[in-house]
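Each residue of the sequence shown is one higher than the one before, counting from 170 in the numbering used here. For each residue, glycine too, the CB sits at the ideal point set by N, CA and C.
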Amino acid sequence: MSETLSLPGTVKAERRCPYDPPEAHRRLRDKGELGKLELPGGLVMWFLTKHDDIRAMLADSRFSGARVPFPAMNPEIPAGFFFSMDPPDHTRYRRTLTAEFSVRGARELTGRIERLADRHLDAMEAAGTSADLVAAYASPVPAMVISEILGVPYTYHQKFDHEVRTLRETGGDDQAVGAMATAWWDEMRGFVRAKRAEPGDDMISRLLHDEVEGGALTDEEVVGIAMTIIFAGHEPVENLIGLGMLALFQDGEQLTRLRENPDLIDSAVEEFLRYFPVNNFGTVRTATEDAVINGHPIAKGEIVAGLVSTANRDPERFADPDRLVLDRSHTSHLAFGHGVHQCLGQQLARVELKVLLQRLLVRFPALRLAVAPEEIRYRENTSFYGVHELPVTWAAE
Ligand code: HEM
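This is the structure:
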């Protein structure tokens, strides 16, 4: 294998530009090869980069989400933590949440998301003429939405978020990660116990008290479900807004086009999802049997990562794939994955992205980058790639 590969996120990836997937992954795709990485302990990990190969792998029940040996947080899959389960266990939990996260469910949340967005934009405006768009807007609004849906205090989410980031920046060891995870789980147990005793109008209370297919859920299962949602719904929207706005600031024509044509927002959101390589680690599975993907053998026990960012730029799937085309007509990107684990929160994510982008562009017509683009720091070692900060200004020029 001629390419030197590393685990996504462990080293700074070489990219043609900050909005492109890593070059090593693109080269593999263009050569039609699978990337192979030997992990400590003799584990083999394959990287899939082509759209059709990843779709095929994610739809194939021989590839398990339950037996992925990292992150090394929990050797046992906690009750209810359905992100790391295979059917039929996964199916039961996922079904209980379908209505909450349906298109209708997400639309019903629009008003709440708008109010949260406006509140943060008001605070930015009141504080002056410049801000870090990530800290002031792109990060807290989606986190508050998740907290409100679950019915947990935003401070819990903030603490969680802060600890995850600190841990990643300081490269915490497995023991530290384990201790922190135990503390998060324990705190969530406290919220669930309280809602068992006194239900509110939130998702955790509904899971505890409403009738659920297959019998009532235990407190511990509800804790696991809530943690899945905290883990999965926590960073991607923030990173997409940060990276997307940076790209628009650097391409004034596209920014003006989006600002002046609000009807473009739906296709623009879909194109943001396709174009920006926020998914850093890919969709990871373990082969439970020997299998062949597009002619490449994968042995039982080997790990496979579907690099959806590279797939979303696959020239065999998309015309002119490396160009951001705000009115592109397509629906077949893999940003939300595929198969049984396809993103549960995708309709919510679409509404959040739409509302956050629209409200921001309307509120600050002169919004622009406040520093030189070279000063921007990128998040490399997180599950979601993006910018650490995005200093912006809306002062009159
Ligand atoms: C732009 C935003 C988002 C992106 C790009 C995204 C992407 C993804 C991807 C690729 C997967 C599949 C992972 C895999 O197969 O291994 C996934 C699963 C999931 N996502 Fe999202 N997501 C986003 C927003 C959200 C939000 C806002 C929520 C809030 C609830 C959420 C909740 C989940 C859950 C619970 C799963 C696991 C589903 C399952 O295992 O059945 N996501 N997401």
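In terms of residue numbering, what span does the beta strand (DSSP E) encompassing Met214 cover?
Here the question's residue 214 lines up with position 45 in the sequence shown. 213-217 is the extent of the beta strand (DSSP E) around Met214.
Neighbour-count burial assignment, Val461, 16 or more Cβ in a 10 Å radius
Taking the first residue of the sequence shown as position 1, residue 461 is located at position 292. Val461 sits exposed, since fewer than 16 C-beta atoms from the chains shown fall within 10 Å of its C-beta.
Unbroken stretches of the alpha helix (DSSP H), 4 residues or longer, contained in the region 480-547:
Fully enclosed alpha helix (DSSP H) runs of 4 or longer: 515-532.
Grouping DSSP H, G and I as helix and E and B as strand, with all else coil, what is Glu549?
By 1-based counting over the sequence shown, the position of residue 549 is 380. Here Glu549 sits in coil by DSSP.
What is the DSSP secondary structure of Arg231, counted as helix, strand or coil?
Taking the sequence shown and counting its residues from 1, one reaches residue 231 at position 62. The DSSP-derived three-state label of Arg231 is coil.
Do Arg548 and Leu495 have their C-beta atoms within less than 8 angstroms of each other?
Against the sequence shown, residue 548 aligns to sequence position 379. Against the sequence shown, residue 495 aligns to sequence position 326. Cβ distance not < 8 angstroms, so Arg548 and Leu495 don't count as in contact.
Hey, Ala474 and Phe445 are a contact pair by Cβ (cut 8 angstroms); roughly how many whole angstroms apart?
Here residue 474 refers to the residue found at position 305 when the sequence shown is read from its first residue. Here residue 445 refers to the residue found at position 276 when the sequence shown is read from its first residue. For Ala474 against Phe445, the beta-carbon gap comes to about 19 angstroms, at or over 8 angstroms, which does not count as contact.
Measuring CB atoms only, is the region 386-403 touching the region 474-485, in the sense that at least three cross pairs come out at less than 8 angstroms?
Cβ pair count under 8 angstroms is below three, so no.
Leaving out the 5 sequence neighbours to the left and right, which residues in its chain are closer than 8 angstroms to Ser552 when beta-carbon positions are compared?
As a first step, residue 552 must be located in the sequence shown, where it is residue number 383. A distance below 8 angstroms between beta-carbons, with the five flanking residues on each side excluded, links Ser552 to the following residues of its chain, in chain order: Gly178, Glu404, Asn448, Asn449, Phe450.
Measuring CA to CA, which of Leu493, Arg497, Arg492, Arg519 is closest to Phe505?
Walking along the sequence shown from the start, residue 505 turns up at place 336. With distances taken between Cα atoms, Phe505 lies closest to Arg519.
Nearest to Ile545 by CA position, among Glu332, Met226, Ala305, Leu415, is which residue?
Against the sequence shown, residue 545 aligns to sequence position 376. The candidate whose alpha carbon is nearest that of Ile545 is Leu415.
May I ask you to report which of helix, strand or coil DSSP gives Lys181?
Taking the sequence shown and counting its residues from 1, one reaches residue 181 at position 12. Note: Lys181 maps to coil in three-state DSSP.
Going by DSSP in three states, Leu386 sits in which element: helix, strand or coil?
The count along the sequence shown starts at 1 and reaches residue 386 at position 217. In the structure shown, Leu386 sits in coil (DSSP, three-state: anything other than H, G, I, E or B).
What is the DSSP secondary structure of Asp287, counted as helix, strand or coil?
As a first step, residue 287 is located in the sequence shown; it is residue number 118 there, counting from the start. Here Asp287 sits in helix by DSSP.
Please classify Pro560: does DSSP put it in a helix, a strand, or coil?
Working through the sequence shown from its first residue, we reach residue 560 at position 391. DSSP places Pro560 within a strand segment (E or B) once states are collapsed to three.
Ends of the alpha helix (DSSP H) at Ala110?
This structure gives no information on residue 110, because the portion of the chain shown stretches from 170 to 566.
Give a yes or no on contact between the region 370-378 and the region 279-299, applying the rule of three or more CB pairs nearer than 8 angstroms.
A contact is defined here as three or more CB-CB pairs under 8 angstroms, and the region 370-378 fails this definition with respect to the region 279-299.
Counting C-beta neighbours from all protein chains within 10 Å, is the total for Asp222 16 or more, i.e. buried, or is it exposed?
Your numbering for residue 222 matches position 53 in the sequence shown. With 16 or more Cβ atoms within 10 Å of its Cβ, Asp222 is classed as buried.
Please determine whether the Cβ atom of His499 lies at a distance below 7 angstroms from any heavy atom of the ligand HEM.
On the sequence shown, position 330 is the one that residue 499 refers to. Taking non-hydrogen atoms of the ligand HEM into account, the C-beta of His499 is found less than 7 angstroms away from none of them.
Closest by C-alpha distance to Ala564, when choosing among His557, Gly555, Asn550, Leu538:
Translated into the one-based positions of the sequence shown, residue 564 becomes position 395. Nearest neighbour of Ala564 by Cα position, chosen from His557, Gly555, Asn550, Leu538, turns out to be Leu538.
By Cβ distance, which residues of its chain are closer than 8 angstroms to Asp491, with the 5 residues on each side in sequence left out?
What you label residue 491 is simply residue 322 of the sequence shown in a count that begins at 1. For Asp491, same chain residues with a beta-carbon under 8 angstroms away, outside a window of 5 residues either side, are Asp189, Arg482 in chain order.
Tell me which same chain residues have a C-beta within less than 7 angstroms of the C-beta of Met242, skipping the five on either side of it?
Here residue 242 refers to the residue found at position 73 when the sequence shown is read from its first residue. Note that Met242 scores a pLDDT of 42, beneath 50, so its modelled location is shaky; the value from the coordinates is reported in the next line. Answer for Met242: Val346, Gly347, Ala350, listed in chain order.
Which first and last residues belong to the beta strand (DSSP E) in which Ala437 is found?
Within the sequence shown, numbered from 1, the residue matching residue 437 stands at position 268. First-last for Ala437: 434-444, but that is the alpha helix (DSSP H), not the beta strand (DSSP E).
Select from Asp343, Leu217, Leu206, Ala292 the residue whose C-alpha is nearest the C-alpha of Arg195.
Translated into positions along the sequence shown, residue 195 becomes position 26. Out of Asp343, Leu217, Leu206, Ala292, Leu217 has the C-alpha closest to the C-alpha of Arg195.
Whole-angstrom C-beta distance between Leu513 and Phe270, which should lie under 8 angstroms:
By 1-based counting over the sequence shown, the position of residue 270 is 101. By 1-based counting over the sequence shown, the position of residue 513 is 344. Rounded, the Cβ-Cβ distance is 5 angstroms, consistent with contact.
Hey, is the region 384-394 in contact with the region 247-254, meaning 3+ C-beta pairs nearer than 8 angstroms?
Taking a contact to require three or more Cβ pairs closer than 8 angstroms, the region 384-394 and the region 247-254 qualify as touching.
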